[in-house]
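Visitor:
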Amino acid sequence: MNRIAIAANPDVEVRPREGRTALRQLAAIVLFVLAVGCVPLFTASGSTLNFVMMALYATLIAQAWNMLGGFGGQFSFGHAMFFGSGAYIQAIAQLQGGINAWVALALAIAGAACVGLATGALSFRYGLKGSYFALVTLAFAEVFRIVALSVSFTGGGVGLMVPLREAPSNLQFATRSGYLWVMLALVAAALLVTWWLRNGRFGAWLQAVRDNEDAARAVGVNPFRVKLGAIGISAAFMGAAGAFYVQVFQYIDPAIAFGPATSIEALVGAIVGGMGTLWGPVLGALVLHLLAELTRNLFGELPGLNMVIYGTVLVLIVIFLPRGIAGIGLSVRRLWAQGRGGPHG
Amino acid sequence: MFDFDILFSSVLNGLTTGAVYALVALGLTLIYGVLHIINFAHGAALMLALYAVYFLKTQFGIDPYLALPIAIPGMFALGYLLQRGVINRAGHGRDENILLVTLGISIVMENLALLLFKSDTRSIDTAYSLATVEIGPAMIAVPKLVAFAGALVVSALLFWIMGRTDLGRAIRAVAREKEGAKLMGIDVDHVYAMSFGIGLACLGAAACFLLPAYYVNPQVGGGFVLVAFTIVVLGGMGSFVGALVGGFLVGVVESLGGLFLGESLGQIGIFAIFIGVVLFRPQGMFGARE
Numbered sequence: 075m076n077r078i079a080i081a082a083n084p085d086v087e088v089r090p091r092e093g094r095t096a097l098r099q100l101a102a103i104v105l106f107v108l109a110v111g112c113v114p115l116f117t118a119s120g121s122t123l124n125f126v127m128m129a130l131y132a133t134l135i136a137q138a139w140n141m142l143g144g145f146g147g148q149f150s151f152g153h154a155m156f157f158g159s160g161a162y163i164q165a166i167a168q169l170q171g172g173i174n175a176w177v178a179l180a181l182a183i184a185g186a187a188c189v190g191l192a193t194g195a196l197s198f199r200y201g202l203k204g205s206y207f208a209l210v211t212l213a214f215a216e217v218f219r220i221v222a223l224s225v226s227f228t229g230g231g232v233g234l235m236v237p238l239r240e241a242p243s244n245l246q247f248a249t250r251s252g253y254l255w256v257m258l259a260l261v262a263a264a265l266l267v268t269w270w271l272r273n274g275r276f277g278a279w280l281q282a283v284r285d286n287e288d289a290a291r292a293v294g295v296n297p298f299r300v301k302l303g304a305i306g307i308s309a310a311f312m313g314a315a316g317a318f319y320v321q322v323f324q325y326i327d328p329a330i331a332f333g334p335a336t337s338i339e340a341l342v343g344a345i346v347g348g349m350g351t352l353w354g355p356v357l358g359a360l361v362l363h364l365l366a367e368l369t370r371n372l373f374g375e376l377p378g379l380n381m382v383i384y385g386t387v388l389v390l391i392v393i394f395l396p397r398g399i400a401g402i403g404l405s406v407r408r409l410w411a412q413g414r415g416g417p418h419g
Numbered sequence: 002m003f004d005f006d007i008l009f010s011s012v013l014n015g016l017t018t019g020a021v022y023a024l025v026a027l028g029l030t031l032i033y034g035v036l037h038i039i040n041f042a043h044g045a046a047l048m049l050a051l052y053a054v055y056f057l058k059t060q061f062g063i064d065p066y067l068a069l070p071i072a073i074p075g076m077f078a079l080g081y082l083l084q085r086g087v088i089n090r091a092g093h094g095r096d097e098n099i100l101l102v103t104l105g106i107s108i109v110m111e112n113l114a115l116l117l118f119k120s121d122t123r124s125i126d127t128a129y130s131l132a133t134v135e136i137g138p139a140m141i142a143v144p145k146l147v148a149f150a151g152a153l154v155v156s157a158l159l160f161w162i163m164g165r166t167d168l169g170r171a172i173r174a175v176a177r178e179k180e181g182a183k184l185m186g187i188d189v190d191h192v193y194a195m196s197f198g199i200g201l202a203c204l205g206a207a208a209c210f211l212l213p214a215y216y217v218n219p220q221v222g223g224g225f226v227l228v229a230f231t232i233v234v235l236g237g238m239g240s241f242v243g244a245l246v247g248g249f250l251v252g253v254v255e256s257l258g259g260l261f262l263g264e265s266l267g268q269i270g271i272f273a274i275f276i277g278v279v280l281f282r283p284q285g286m287f288g289a290r291e
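Here the protein sequences come in this chain order: X and W.
Residue 75 is where the first sequence starts when you use the numbering used here, and the numbers rise one by one after that.
Residue 2 is where the second sequence starts when you use the numbering used here, and the numbers rise one by one after that.
1) So with CB distances below 9 Å, who are the chain X contacts of W:Phe230?
2) Since W:Arg123 sits in a beta bridge, which residues does DSSP pair it with?
3) What is the DSSP secondary structure of W:Val134, reduced to helix, strand or coil?
4) Under a three-way DSSP split, which group does W:Tyr22 fall into?
5) Anything in chain W within Cβ reach of X:Thr386, meaning under 7 Å, just list it in chain order.
6) Return the CA-CA distance between X:Gln170 and X:Ala315, expressed in angstroms with no decimal places.
7) With respect to the beta strand (DSSP E) encompassing W:Ala142, which residues constitute its N-terminal and C-terminal limits?
8) Which of the three DSSP states, helix, strand or coil, is assigned to X:Leu376?
9) In whole angstroms, give me the CA-to-CA distance for X:Gly419 and W:Leu29.
10) In the structure shown, what three-state DSSP assignment does X:Met235 receive?
11) To the nearest angstrom, report how far apart W:Asp190 and W:Leu201 are at their CA atoms.
12) Quick one: does X:Ser205 have its CB under 8 Å from some CB of chain W?
13) Excluding five sequence neighbours on each side, which residues of the same chain lie with their C-beta closer than 6 Å to the C-beta of X:Phe151?
14) Would you mind telling me which residues of chain X sit closer than 9 Å to W:Phe156, beta carbon to beta carbon, in chain order?
15) Among W:Ala50, W:Phe61 and W:Leu83, which one has its Cα closest to the Cα of W:Ile73?
16) Could you tell me the alpha carbon to alpha carbon distance between W:Val175 and W:Tyr81, rounded to whole angstroms?
17) Pick out whichever of X:Gln324, X:Val126 and X:Ala262 has its Cα sitting closest to the Cα of X:Leu245.
18) Please list, in chain order, the chain W residues whose beta carbon lies closer than 7 Å to that of X:Trp223.
19) Could you tell me whether the Cβ of X:Leu357 comes closer than 8 Å to any Cβ of chain W?
20) According to the neighbour-count rule (16 or more other Cβ atoms, all chains shown, within 10 Å of its Cβ), is X:Cys112 buried or exposed?
21) At a CB-CB cut-off below 9 Å, which residues of chain X make contact with W:His93?
22) Ends of the alpha helix (DSSP H) at X:Asn296?
23) With 16 other CB atoms within 10 Å as the buried threshold, where does X:Asp285 fall?
24) Report buried or exposed for X:Ala184, applying the criterion of at least 16 other Cβ atoms within 10 angstroms of its Cβ.
25) Of the residues X:Arg370, X:Gly348 and X:Arg407, which one's Cα is nearest the Cα of X:Ile391?
26) Using beta carbons (cut-off 8 Å, strictly below), is W:Met286 in contact with chain X?
27) Within the segment 297-349 of chain X, note down every full alpha helix (DSSP H) run reaching 4 residues or more, in order along the chain.
28) Just checking: is the beta-carbon of W:Ile32 within a distance shorter than 8 Å of some beta-carbon in chain X?
29) Are the C-beta atoms of X:Gly146 and some chain W residue less than 8 Å apart?
30) Among W:His43, W:Asp6 and W:Glu178, whose alpha-carbon lies nearest the alpha-carbon of W:Leu104?
31) Excluding the five sequence neighbours on either side, which residues of its own chain have a C-beta within less than 7 Å of the C-beta of X:Val107, listed in chain order?
32) Name the chain X residues that come within less than 8 Å of W:Leu227, Cβ to Cβ?
33) Return no unless some Cβ of chain B is closer than 8 Å to the Cβ of X:Pro297.
34) If you follow the alpha helix (DSSP H) that W:His37 is part of, which residue opens it and which one closes it?
35) Quick one: is W:Phe197 near chain X, going by C-beta distance under 8 Å?
36) Can you confirm whether X:Gly413, when its beta carbon is compared against all beta carbons of chain W, has any partner nearer than 8 Å?
Have a look at this one:
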């Protein structure tokens with residue numbers, strides 16, 4: 075199965091020793107987590123830690139999108155609905171249920187996954203794909219936004235404020251490093267799940283469905299169930315990101331929760347980095363976040379100019395790096411392999 | 002609960018709004034039907050057209066309706082150049098790339114407007130902005146009535162181009178069978194750019210009809226995009242009749258939804274229609290199943 079999926083997809087290099095590659099990837103994930111986890115030990119600078127934390131946050135949502143979009147080929151334009159569901163569950167559970175923030179986080183993840191399963195079941199049951207799936211997710215997110223704006227328990231347009239009670243048991247930290255580590259743990263989980271998608275059986279099914287749904291069905295894969303699983307996992311991580319957002323900023327409103335900005339940030343990070351790869355969304359999120367920060371600092375006093383540059387660079391990246399940033403590494407490795415005389419390394 | 006008069010005027014108002022929606026959706030459905038791309042820059046392009054009409058009025062004193070012969074070719078040229086110069090180059094045969102590029106273009110356009118014109122909401126004053134006419138028990142603003150008639154004329158023109166001219170035949174040929182059209186000697190890249198140009202030209206017309214009774218700010222396009230997508234899907238992607246009928250329908254639903262459910266929740270009717278159509282009749286009212 076794994077071979078079929080990989081052979082059918084030109085983006086994935088064919089390599090003889092899959093097992094060793096998988097182990098090497100796992101080691102890279104551990105190294106990455108250790109390296110980023112050590113950052114707060116070397117600096118106490120609030121702006122540096124804040125930057126790392128927000129870059130990790132961007133990585134999390136890009137990687138979450140990648141699980142469904144990159145590995146499953148299902149282009150969602152409404153990932154904000156899972157993000158926002160997680161955020162509102164996190165806020166409402168604490169405000170109205172008096173539930174501990176860590177328990178609320180678990181509820182937010184589970185709740186967002188349920189929203190993913192429900193919308194996924196509806197969309198995939200009726201065989202939506204391509205543009206139709208993209209548009210229906212966009213519409214779902216809009217429905218969530220309008221409902222959040224209109225009902226009372228979300229606080230309507232005013233939004234919800236979570237009171238400041240700084241304590242680790244409360245998932246609120248006095249310094250940025252606490253948030254950074256929580257975020258890093260979530261990113262590590264996302265990377266491990268992505269690693270599993272890349273090397274495990276479920277991921278092989280998912281990639282087979284992405285590459286050719288009929289062929290996958292012919293060899294006994296149930297496309298509906300596989301896609302449903304992918305959207306559930308993807309939504310769970312978006313929900314975690316939403317809950318984290320509420321803990322950091324102590325505020326949520328319908329536009330932040332369900333507006334298109336988060337959906338776009340997630341998919342742009344994944345596509346610019348390289349869909350269906352392990353490190354692509356990490357690179358994409360980092361590069362875009364760096365770019366956004368840089369232009370904001372340079373041109374912050376001229377509203378709009380930073381986003382003009384951001385948009386221009388986005389267009390240029392798409393024109394010159396059609397396979398995303400991770401595609402550079404792939405091309406280099408292919409050239410290297412050809413230089414050594416072997417067609418596949 | 003509601004008497005007939007209120008209902009009647011609400012439906013009439015919805016129809017006039019729907020006419021402008023239809024114009025926006027016609028451009029979007031043409032681009033989707035021929036290029037098979039979801040043009041996320043559509044709303045931003047409408048916003049640019051609105052600014053153009055606004056400045057033609059405030060700087061040069063050109064009435065919005067008289068600006069039609071400037072706005073339509075201007076938007077056409079913008080669309081042609083964007084497709085040929087940017088979107089075509091970025092495709093690399095991958096749909097997600099085209100999608101990202103149109104997204105990038107819309108980010109650039111919206112923020113360029115923010116940078117140059119600030120976030121102020123602007124509107125224009127004309128002698129007829131506040132004029133109304135009575136139709137039965139309803140009062141309808143004159144600009145809305147003009148927009149309604151204008152949208153019908155522009156749609157008729159578009160139908161004529163698509164049905165009766167060589168360009169229309171070439172566009173239909175490319176939409177149906179790209180490779181075959183190429184073998185027949187049709188310049189596919191040119192037809193793509195023409196389609197994108199015509200799609201944006203519809204926005205130029207929509208802007209001229211819209212501005213006298215509406216406003217412009219850098220974010221104004223966003224609201225139209227989702228509505229236009231709804232109409233395109235409702236009518237059947239790529240169907241012109243569908244876009245026209247869908248536009249009117251969505252205009253009326255929005256108007257009635259606002260009447261019965263209030264401003265903010267009223268919009269939900271549009272998305273409920275959208276999700277229902279996508280799930281149960283994805284080919285739309287007038288589209289053929291793929």
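Positions of the beta carbon are idealized from the N, C-alpha and C atoms, including for glycine.
Owing to the predicted nature of the structure, the values given are computational and were not obtained by experimental measurement.
Guide: Reading off the structure:
1) The residue you call residue 230 of chain W lines up with position 229 of the second sequence. Correct list: Leu209, Leu212 and Ala213.
2) Position 122 of the second sequence, counted from the first residue, corresponds to residue 123 of chain W. Answer by DSSP bridge pairing, in chain order: W:Val217.
3) Locating residue 134 of chain W in the second sequence gives position 133, where the first residue counts as 1. If DSSP states are grouped into helix, strand and coil, W:Val134 belongs with the strands.
4) Position 21 of the second sequence, counted from the start, is the residue given in the question as residue 22 of chain W. In the structure shown, W:Tyr22 sits in a helix (DSSP, three-state: H, G or I).
5) Taking the first residue of the first sequence as position 1, residue 386 of chain X is located at position 312. Result: Val109.
6) Within the first sequence, numbered from 1, the residue matching residue 170 of chain X stands at position 96. Within the first sequence, numbered from 1, the residue matching residue 315 of chain X stands at position 241. Looking at the two C-alpha atoms, the distance is approximately 21 Å.
7) Reading the second sequence from its first residue, position 141 is the one you call residue 142 of chain W. Residues Ala139 to Ala142.
8) By 1-based counting over the first sequence, the position of residue 376 of chain X is 302. Reduced to three states, the DSSP call for X:Leu376 is coil.
9) By 1-based counting over the first sequence, the position of residue 419 of chain X is 345. By 1-based counting over the second sequence, the position of residue 29 of chain W is 28. Legend: pLDDT at X:Gly419 = 37, less than 50; position of this residue unreliable, no value from coordinates given.
10) Your numbering for residue 235 of chain X matches position 161 in the first sequence. Correct three-state label for X:Met235: strand.
11) Residue mapping note: residue 190 of chain W aligns to position 189 of the second sequence, counting from 1. Residue mapping note: residue 201 of chain W aligns to position 200 of the second sequence, counting from 1. Cα to Cα, W:Asp190 sits roughly 17 Å from W:Leu201.
12) Here the question's residue 205 of chain X lines up with position 131 in the first sequence. Taking Cβ atoms only, chain W reaches closer than 8 Å to X:Ser205, which makes this a yes.
13) Taking the first residue of the first sequence as position 1, residue 151 of chain X is located at position 77. Taken in chain order, the residues that qualify are Ala208, Thr211, Leu212 and Ser337.
14) Position 155 of the second sequence, counted from the start, is the residue given in the question as residue 156 of chain W. Checking the displayed sequence, the identity of residue 156 of chain W turns out to be Ser instead of Phe. In chain order: nothing, as chain X lies at least about 23 Å away.
15) In the second sequence, the residue the question calls residue 73 of chain W occupies position 72. Cα-wise, what sits closest to W:Ile73 is W:Ala50.
16) Working through the second sequence from its first residue, we reach residue 175 of chain W at position 174. Working through the second sequence from its first residue, we reach residue 81 of chain W at position 80. C-alpha separation (whole angstroms): 16 Å.
17) Residue 245 of chain X sits at position 171 when you count from the first residue of the first sequence. Closest option to X:Leu245, Cα to Cα, is X:Gln324.
18) In the first sequence, counting from the first residue as 1, residue 223 of chain X sits at position 149. It is worth fixing the name first, because residue 223 of chain X is Leu in this sequence and not Trp. Going along chain W in sequence order, the residues near X:Leu223 (Cβ under 7 Å) are Ser265.
19) In the first sequence, counting from the first residue as 1, residue 357 of chain X sits at position 283. It does not: the Cβ of X:Leu357 has no partner Cβ on chain W nearer than 8 Å.
20) Taking the first residue of the first sequence as 1, we reach residue 112 of chain X at position 38. Exposed, because fewer than 16 other Cβ atoms sit within 10 Å of the Cβ of X:Cys112.
21) By one-based count along the second sequence, residue 93 of chain W stands at place 92. Correct list: Val392, Ile393, Pro396 and Arg397.
22) For the purposes of this step, residue 296 of chain X is taken as the residue at position 222 of the first sequence. Taken as a continuous stretch (DSSP letters only), X:Asn296 belongs to no alpha helix (DSSP H), as it is neither H nor E.
23) Translated into positions along the first sequence, residue 285 of chain X becomes position 211. Under this definition X:Asp285 is a buried residue.
24) Within the first sequence, numbered from 1, the residue matching residue 184 of chain X stands at position 110. Its Cβ having fewer than 16 others within 10 Å, X:Ala184 is exposed.
25) On the first sequence, position 317 is the one that residue 391 of chain X refers to. The candidate whose alpha carbon is nearest that of X:Ile391 is X:Gly348.
26) Counting from one through the second sequence, the residue named residue 286 of chain W turns up at place 285. Taking Cβ atoms only, chain X never reaches closer than 8 Å to W:Met286, which makes this a no.
27) 297-323, 328-332 and 334-347
28) Here residue 32 of chain W is taken as the residue at index 31 of the second sequence, counted from 1. Cβ-Cβ to chain X under 8 Å: no for W:Ile32.
29) Walking along the first sequence from the start, residue 146 of chain X turns up at place 72. So no, X:Gly146 is outside the interface.
30) Position 103 of the second sequence, counted from the first residue, corresponds to residue 104 of chain W. With distances taken between Cα atoms, W:Leu104 lies closest to W:His43.
31) If you number the first sequence from 1, residue 107 of chain X lands on position 33. Hits under 7 Å: Leu258 and Ala262.
32) Along the second sequence, one-based indexing puts residue 227 of chain W at 226. Near W:Leu227 (Cβ distances below 8 Å), the residues of chain X are Leu212, Ala213 and Glu216.
33) Chain labels in this structure do not include chain B; the protein chains are X and W.
34) Position 36 of the second sequence, counting from 1, holds the residue named residue 37 of chain W. From DSSP, W:His37 is part of no alpha helix (DSSP H); its letter is neither H nor E.
35) For the purposes of this step, residue 197 of chain W is identified with residue 196 of the second sequence, where counting begins at 1. It does not; no Cβ of chain X falls within 8 Å.
36) Here the question's residue 413 of chain X lines up with position 339 in the first sequence. Answer no: the Cβ-Cβ gap between X:Gly413 and chain W never drops below 8 Å.
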